[in-house]
Amino acid sequence: MRIVVTGQVGLDKKSFLQQAARIAADRGHDVKLCHVGDMMYAEAPDVAPGRILDLPLSRLQSLRRSVFKDVLAACRESNNVIVNTHATFRWRHGLFYAFDYDQMKALDADLYVTLVDNVDRVHYRLARDGYADHTLKDLMVWREEEILATELLSQIVGRHGQFYIIARGADDLAPEGSPAEALARLLDHPQSRKAYLSFPMSHVNGSGAILAEIESFRRAMKRPFVCFDPADVEEKDLCSLALQAVEAGQRTIEVGPPGRKVAMVASEVVGIIPDIDGQIYARDFKLIDQADMIISLIPELEGGRPGLSSGVERELQHAHEATREVFVIWRPRVAPSPFVSETATRIFHSIDEAVKFFHEAHMIAPPPGGLFR
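Going by our numbering, the first residue of the sequence shown is number 3, and it counts up by one from there.
Rendered as structure tokens:
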């Protein structure tokens, strides 16, 4: 299996891919990691750290081609290779591609993956590493460019055009069901069923019981399936914090877990809200399209009302129109509307009922190596 993994700067793809490789190794699959950036610096010891993009384009391209020959050699020696690179670069030279068609054609990757992450976490890592010459708008644009260029690359070069967006997720996620585990599972068992998880997010934040039910749902579905989880990139809370800060006359907001907090200019965050909303809309539909099915949890709100947000309704309709299987776990006491029942492949009344069905329908089949222990 050959996998090309792209993503904007500030993702710390190296540590993420090392975790994925460790999970794969625990399952009996040795993985060769080729970090193109590190290889380029090793090839050019005269270039100071962080300055490689300041080279003339001619030398930069020559250096990249030389390094990629080593990547191709590694592919001849190893069964499983993950290539950590970029699809594009924006620097003082402007916007330019970060690959060569002939070498990508020779690589003949099985999968192309673009990693994405919350803009605040990307901003934190760049600030931590001393890169302050960017705006939040830059980060949003770089993310879109990597997705678009990698998807286009997979369609032009890839044998099967297999392209996935995977959210990197927080650094403290448990291995089981984490995005790194999902990538390892794609390498270990590429025919695993892939599911998009759908559930209300913003308007259930005040209910601890519903949030706990959603968390239980996410864990239960990530055990048997490769899951694309919209909550792994969640930036709407950031928007709310920024709007509240601006209303209160505060200049900055501080976000992130203890020890990894970063200050962000509230007005700058407000300025990218249209980008955040637009990317959520487009990205979530792409995540549905790259899945085999959608599994949606509709919790019961106070008074027995269904927790059916406009976003979940739109996701269910998109999945139905994209001919994906649509599975709904309907928790409210009231019956679902025809707009749910007429588009759903099957409706369940509990998470356990759904899991039981998936087992009995042989949709959950442990691959060799006991992946679902």
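Just so it is clear, CB atoms sit at the ideal spot from N, CA and C, and this is done for glycine as well.
For Glu237, there is no enclosing alpha helix (DSSP H), as DSSP gives it neither H nor E. DSSP, reduced to helix, strand and coil, places Pro192 outside both helices and strands of the structure shown, so it counts as coil. About 27 Å separates the CB atoms of Val159 and Leu141; that is not less than 8 Å, and the two are not in contact. When rounded, the separation of the alpha-carbon atoms in Phe18 and Ile282 is 23 Å.
By the CB criterion at 8 Å, Phe329 and Ala356 fall inside the cutoff. With contacts defined as CB atoms closer than 8 Å, Arg92 and Trp144 qualify as a contacting pair. Residue environment: Arg326 is assigned as buried (16 or more neighbouring CB atoms within 10 Å of its CB, all protein chains considered). Restricting attention to alpha helix (DSSP H) runs no shorter than 4 residues, the region 210-266 encloses them at 210-224, 238-249, ordered along the chain. Boundaries of the beta strand (DSSP E) harbouring Ser298: 295-300, taken from the DSSP string. With contacts defined by Cβ atoms closer than 8 Å, Arg170 and Val118 form a contacting pair. The region 100-114 makes no contact with the region 240-248; the number of CB pairs closer than 8 Å stays below 3. Along the region 76-141, the beta strand (DSSP E) occurs as fully enclosed runs of 3 or more residues at 83-86, 90-93, 96-99, 113-118, listed in sequence order. Take Ala265, set aside five residues on each side of it, and the residues of its chain with a beta-carbon closer than 8 Å to its own are Thr254, Ile255, Glu256, in chain order.
Taken in chain order, the complete alpha helix (DSSP H) segments of 4 residues or longer contained in the region 28-82 are 38-45, 59-79. Rounded to whole angstroms, His361 and Asp354 show a C-alpha spacing of 11 Å. Closest option to Cys229, judged by alpha-carbon separation, among Pro260, Gly306, Pro192: Pro192. Contact between Glu302 and Gly309 is confirmed by a C-beta separation of about 7 Å, below the 8 Å threshold. For the set Ile168, Leu150, His88, His37, the Cα lying nearest the Cα of Tyr198 is the one of Ile168.
Beta-bridge pairing by DSSP links Phe165 to Tyr114. In the DSSP annotation of this structure, Ile5 is not part of any alpha helix (DSSP H); the continuous beta strand (DSSP E) holding it starts and ends at 4-8.
CA-CA distance, Phe70 to Pro259, rounds to 37 Å.
Shown here, Arg348 sits in a strand according to DSSP, grouped into three states. Segment contact: the region 22-32 against the region 47-55, fewer than three CB-CB distances shorter than 8 Å; contact not assigned.
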